[in-house]
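Take a look at the structure below.
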Amino acid sequence: MEKAENNELLQGSQKNFRSVNYENLVSRKNRSFVCFCLGFLVSTILALISYGVVHGMFPWFGVMDDSKYSWIDETRSKSETGGKCQKRIVAYHDLFTHEKLTENQLSKLTHLIILPLHVQETGILVFENDEKKGRFEKLVSEARKYPDLVTMFSINNGYDNHETLSKVIGNSEVRRSFIENVIAAISAYHLDGMDVYWRWPQTDNDISNLILFCKELREKLSALAIRSRRKMSFVISAILHHHPVSANFQSIFDYVDFVTIETRNYYAPWFEEFQHLTGPATPLSSLYGERRDENVDKSMTEYSCLGKQPSKLNILVEFAGRYWENVIKSDSTWWMESEVANGVTSGGWMPWWKLKRSEWNISSASWNNDSKTPYVWNPMERKYLAFENERSLEEKVKYAMDHNIGGIAVWRIDHDDEQRTMLNSLSNLCSQSYRNNASSLSYYCESAISQLPQLEPSIFKNNAPSGIH
1 MEKAENNELL QGSQKNFRSV NYENLVSRKN RSFVCFCLGF LVSTILALIS YGVVHGMFPW
61 FGVMDDSKYS WIDETRSKSE TGGKCQKRIV AYHDLFTHEK LTENQLSKLT HLIILPLHVQ
121 ETGILVFEND EKKGRFEKLV SEARKYPDLV TMFSINNGYD NHETLSKVIG NSEVRRSFIE
181 NVIAAISAYH LDGMDVYWRW PQTDNDISNL ILFCKELREK LSALAIRSRR KMSFVISAIL
241 HHHPVSANFQ SIFDYVDFVT IETRNYYAPW FEEFQHLTGP ATPLSSLYGE RRDENVDKSM
301 TEYSCLGKQP SKLNILVEFA GRYWENVIKS DSTWWMESEV ANGVTSGGWM PWWKLKRSEW
361 NISSASWNND SKTPYVWNPM ERKYLAFENE RSLEEKVKYA MDHNIGGIAV WRIDHDDEQR
421 TMLNSLSNLC SQSYRNNASS LSYYCESAIS QLPQLEPSIF KNNAPSGIH
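One point on numbering: in UniProt numbering, the residue at position 302 of the sequence shown is 302, and numbering is uninterrupted.
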């Protein structure tokens with residue numbers, strides 16, 4: 001418009017050139033020059049802002065207005081589970097690794113969750129460094145080649161993000177800034193959603209604020225989806241502790257598409273408590289004394305009965321093994337104990353690809369029929385290894401299908417071998433014979449959640465999301 005007006009002025013001045021005195025002509029030229037300079041300056045500023053948004057500089061601008069991001073070109077039509085598969089096969093991929101994801105891997109997934117984007121106390125999202133930002137951009141670009149793959153990002157400052165997120169989500173102004181930056185990130189990188197990873201909400205206020213955050217984020221993303229004419233709604237997911245701390249957690253299911261339960265950490269030699277007890281990271285069940293409730297079945301029962309939507313749950317596994325040294329010999333080798341020296345148990349972990357090349361003879365492993373996992377017991381060296389393999393993963397697939405669990409999530413997909421042995425073991429989740437029945441419950445719920453505390457309604461006063469009673 002401005003250019004057209006300038007052209008009209010120029011044409012008019014040419015027609016009446018002889019009737020215009022020299023002083024007026026100079027004045028008009030000055031105005032045109034000023035307009036040109038202002039236009040160039042504004043265009044340059046807008047270009048710099050656009051570059052900053054696209055290249056990950058959006059955190060530096062603080063609160064972002066999500067109405068600016070209605071330009072998303074979303075041409076992919078996806079189902080909530082990611083295409084034709086009726087279950088979810090979710091992979092968490094850490095930017096820590098240099099390994100690239102292959103076509104063979106990406107084509108087998110329904111959801112790819114890339115982490116971490118770090119959350120600062122002001123609600124700003126940042127990458128750890130330029131190198132990881134570059135990996136993120138390449139991963140997202142590669143993932144977009146698969147129309148049915150849902151690509152998301154997760155937040156995680158490691159194992160010490162509880163205090164930061166408690167401050168961010170607990171403050172209404174900072175929470176609003178955080179949500180606006182989430183919207184900006186999703187828009188700038190053309191992502192399908194966000195995974196909320198908070199280790200762990202512990203207090204009444206933490207839980208209510210987490211639910212409120214998911215509610216407000218859902219509202220913002222729904223509005224963005226409408227403006228951008230997106231065919232599929234944006235996806236929100238969360239990772240929760242393997243035991244719900246409150247019955248009020250049920251309200252989170254109103255706002256998230258799915259929840260991944262942290263079922264990969266029931267046993268480990270680095271625990272502060274029970275570090276001496278050997279066992280698989282993800283046992284399907286167990287009858288191990290005081291740890292008899294530390295298993296997948298117990299966690300799935302609690303959350304299924306709590307939310308009444310087992311199809312929104314994921315079982316979390318890791319393609320790895322955990323080992324203990326100085327293990328005490330026993331008649332039973334299913335569940336054993338190791339010695340503790342100066343409050344420490346000797347042991348560690350190993351990814352699947354490394355296990356196959358290690359001194360552990362996993363091909364001759366024994367089978368724990370209680371936990372439905374393999375193990376290796378070396379009585380000569382008193383070493384014990386509990387790990388995941390093809391058979392144990394197939395048992396978890398069967399469990400998910402029998403109990404209408406929504407899917408299986410993999411922590412660090414790069415732990416697989418070059419043949420993708422472990423990922424291939426999950427392929428039956430996408431069996432065409434499976435029929436989804438989201439309301440089907442196969443658990444006895446009367447006693448499953450009766451001992452969970454019910455939060456007082458007063459903690460939701462002034463900021464209660466709908467659906468909490």
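Backbone N, C-alpha and C define an ideal beta-carbon position, used for all residues, glycine too.
For residue i, the first and last residue of its enclosing alpha helix (DSSP H)
i, result
"methionine 336", "Per DSSP, methionine 336 belongs to no alpha helix (DSSP H) and is neither H nor E."
"glycine 279", "Premise fails: glycine 279 is in no alpha helix (DSSP H) and is neither H nor E."
"glutamate 180", "172-188"
"glycine 134", "130-143"
"lysine 220", "204-227"
"lysine 298", "296-307"
"lysine 354", "352-355"
"glutamate 103", "103-106"
"alanine 423", "The question names alanine, but residue 423 in the sequence shown is leucine. Note, leucine 423: alpha helix (DSSP H), 421-424."
Distance CB(residue i)-CB(residue j) smaller than 8 Å
i, j, result
"proline 374", "asparagine 361", "no"
"proline 244", "glutamate 302", "yes"
"tyrosine 266", "threonine 282", "yes"
"threonine 110", "valine 90", "yes"
"histidine 162", "tryptophan 200", "yes"
"alanine 185", "leucine 117", "yes"
"histidine 93", "aspartate 416", "no"
"alanine 320", "tryptophan 352", "yes"
"alanine 223", "serine 233", "no"
"lysine 312", "phenylalanine 253", "yes"
"valine 259", "serine 286", "no"
"lysine 145", "leucine 95", "no"
"leucine 149", "leucine 106", "yes"
"lysine 372", "leucine 316", "no"
"cysteine 430", "lysine 87", "yes"
"arginine 412", "glutamate 318", "yes"
"phenylalanine 213", "isoleucine 169", "yes"
"leucine 125", "threonine 151", "no"
"residue 485", "lysine 308", "Missing from the structure shown is residue 485; the chain here goes from 1 to 469 and no further."
"phenylalanine 136", "methionine 194", "no"
Residue i, enclosing beta strand (DSSP E) - first and last residue
i, result
"tryptophan 367", "366-368"
"methionine 194", "193-197"
"valine 397", "No beta strand (DSSP E) holds valine 397; the alpha helix (DSSP H) holding it covers 390-402."
"lysine 383", "383-387"
"alanine 91", "88-94"
Short CB-CB distance (under 8 Å) between residue i and chain B
i, result
"alanine 386", "Given the protein chain composition of this structure (a single chain), no chain B is represented."
Residue(s) in a DSSP beta bridge with residue i
i, result
"glycine 347", "Trp324"
"serine 237", "Asp195, Phe258"
"methionine 152", "Ile113, Gly193"
"leucine 316", "Ala409"
"threonine 373", "Asn368"
"alanine 448", "The partner list for alanine 448 (beta bridge, DSSP) is empty, contrary to what the question assumes."
"valine 168", "According to DSSP, valine 168 bridges with nothing at all."
"valine 126", "His118"
"alanine 341", "Val344"
"asparagine 378", "Lys383"
Member of the options whose CA lies at the smallest distance from the CA of residue i
i, options, result
"isoleucine 155", "Glu337, Asn428, Leu149, Thr164", "Thr164"
"serine 366", "Leu385, Trp352, Lys356, Lys132", "Leu385"
"leucine 191", "Asp414, Pro280, Lys138, Glu103", "Lys138"
"leucine 355", "Met422, Leu316, Val174", "Met422"
"histidine 276", "Glu262, Ser286, Arg229, Trp335", "Trp335"
"residue 482", "Leu125, Arg412, Phe387, Glu395", "Because residue 482 is not part of the residues shown, which for the chain are 1 to 469, the question remains open."
"arginine 391", "Glu359, Leu426, Leu221", "Leu426"
"tryptophan 270", "Leu212, Val344, Asn314", "Val344"
"valine 256", "Ala247, Gln86, Leu240, Glu262", "Leu240"
"glutamate 359", "Trp377, Asn342, Asn368", "Trp377"
"tyrosine 323", "Ala268, Glu262, Asp370, Ser442", "Ala268"
"phenylalanine 274", "Thr263, Arg264, Arg291, Glu262", "Arg291"
"glutamate 216", "Arg135, Pro379, Val174", "Val174"
"lysine 383", "Ser363, Thr333, Lys231", "Thr333"
"arginine 176", "Cys445, Leu210, Pro310", "Leu210"
"threonine 97", "Gly134, Leu221, Val196", "Gly134"
"tyrosine 443", "Gln419, Val235, Asp402", "Asp402"
"glutamate 272", "Asn342, Trp198, Lys398, Thr263", "Asn342"
"methionine 300", "Lys231, Lys396, Glu128", "Lys396"
Requested in this report: Decide if the region 290-305 is in contact with the region 318-330; the criterion is three or more beta carbon pairs, one per stretch, under 8 Å apart.
Outcome: Taking a cut-off of 8 Å on C-beta distances, the region 290-305 does not touch the region 318-330, as fewer than three cross pairs fall below it.
Requested in this report: Give a yes or no on contact between the region 399-406 and the region 340-353, applying the rule of three or more CB pairs nearer than 8 Å.
Outcome: no
Query raised in the report: Does the pairing of the region 204-212 with the region 121-130 give three or more beta-carbon distances under 8 Å?
Result: no
**Report entry** Any 3 or more C-beta pairs closer than 8 Å across the region 140-153 and the region 171-181
**Finding:** no
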